[in-house]
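Numbering (my numbering), first residue to last: 8 to 95.
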Amino acid sequence: MSWDEGKDAAALKVFGLVDAVLDFNTLKTAATSTHIRGAIPALLRNGRVSLMGATPNIWVREVLSNSITLKGRWPGTVRRMILQPMVS
Numbered sequence: 008m009s010w011d012e013g014k015d016a017a018a019l020k021v022f023g024l025v026d027a028v029l030d031f032n033t034l035k036t037a038a039t040s041t042h043i044r045g046a047i048p049a050l051l052r053n054g055r056v057s058l059m060g061a062t063p064n065i066w067v068r069e070v071l072s073n074s075i076t077l078k079g080r081w082p083g084t085v086r087r088m089i090l091q092p093m094v095s
């Protein structure tokens, strides 16, 4: 990924629109990451985004206007997250 949302979306669209995006992001990189914002415009209508970490950079307008399904889950178990909290 190039850290440029427009370039990332264009690079993905070269292969056609995609059905789904799977994201593994960390708390440390989430605040400055642009890859999810670049990937969402490359999704088909009714596409899916699965988040396995922290991602504050999501375009709600793109998600809603294209009927994107957005699901998220912290990686690991609840017990592990309570016993070993993530360090930012």
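Backbone N, C-alpha and C fix where the C-beta goes; we use that ideal spot for every residue, glycine too. This structure is a prediction, so every number in the text was calculated from the model and none was measured.
Discussion item. I believe A49 touches K20 by the beta-carbon criterion, under 8 Å. Please report the beta-carbon distance rounded to the nearest angstrom.
Written reply: 5 Å
Item to complete: Please state whether DSSP places T33 in a helix, a strand or coil.
Response: coil
Item to complete: Kindly give me the distance between the Cβ atoms of D30 and M59, rounded to whole angstroms, as I take these residues to be in contact under 8 Å.
Response: 7 Å
Worksheet entry | Buried or exposed (CB count within 10 angstroms, at least 16 for buried), G54 | buried
Worksheet item: Does DSSP put V25 in a helix, in a strand, or in coil?
Response: strand
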